[in-house]
Each structure stands twice: as C-alpha cells, then as structure tokens.
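Report on the structure given below.
Numbering (this note's numbering), first residue to last: 991 to 1094.
The structure is reproduced here in structure tokens:
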C-alpha cells in the first residue's frame, strides 16, 4: 500500500527534526493520545513533540500500514533517545492533514 501523504510527511518531518513541518501535518484542532496522555490542538501537540518525539531525536520507520474504516493503523519502529521499539499509531485524516493520532 502507498503511504498516505500526511503520514509520509509526519514521518519525514520527524526524521528530519523539522518541528514546523511536523506541526503542519496536523489540523488546527487535532487530537493526539499517547498511551492515554491526551493532547488537544497544535500547541499541546508541540509540547508532546518536544518531550516525546523530535525533542528526543526520534527516528521513525513504517513497518506496515493497515487501512481500516476511516483510519490507518501504522506499525512504526522507533529509535532515538526516548522510546525505542515498535508500536502502533492509528491515524485519522482530514484531507491532507492528520485530525487524530492515537499511539498504543
């Protein structure tokens, strides 16, 4: 399966350490949940990005993508100075942006 554009940009921006591009992948009112820690809107997602993503030099690799009803479940391999290993990210898209991201 071809990686949907917003998800591709999310991974690339993370790997390049480009915070502005990373935040640009989300809608203004996006929701992100990281193992039950919830972040609403780009401002809160920016804080998560600094503490758990680009701020800890994460490097992401897509293992596989499974489309589901209105969402994409993406298995991601993560390396960096934070979490290392594989996990699932469920993306809900709104056009060319991410409306919701749930990390489990």
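For glycine and all other residues, C-beta sits at the position ideal for the given N, C-alpha and C.
Between the alpha carbons of residue 1006 and residue 1000 lies a gap of roughly 10 Å. Here the C-alpha atom of residue 1079 lies approximately 10 Å from the C-alpha atom of residue 1055. A distance below 7 Å between beta-carbons, with the five flanking residues on each side excluded, links residue 997 to the following residues of its chain, in chain order: 1062, 1064, 1081. Residue 1076 and residue 1067 have their C-alpha atoms roughly 4 Å apart. In the DSSP assignment, residue 1076 falls within the unbroken beta strand (DSSP E) covering 1075–1084. Between residue 1032 and the set 1021, 1008, 993, the nearest pair of CA atoms involves 1021. The Cβ atoms of residue 1050 and residue 1004 sit closer than 8 Å to each other. By the Cβ neighbour-count rule, residue 1042 is buried, with 16 or more other Cβ atoms within 10 Å of its own. The straight-line gap separating the alpha-carbon atoms of residue 1002 and residue 1093 is approximately 18 Å. The Cβ-Cβ distance between residue 1052 and residue 993 falls below 8 Å. The DSSP-derived three-state label of residue 996 is helix.
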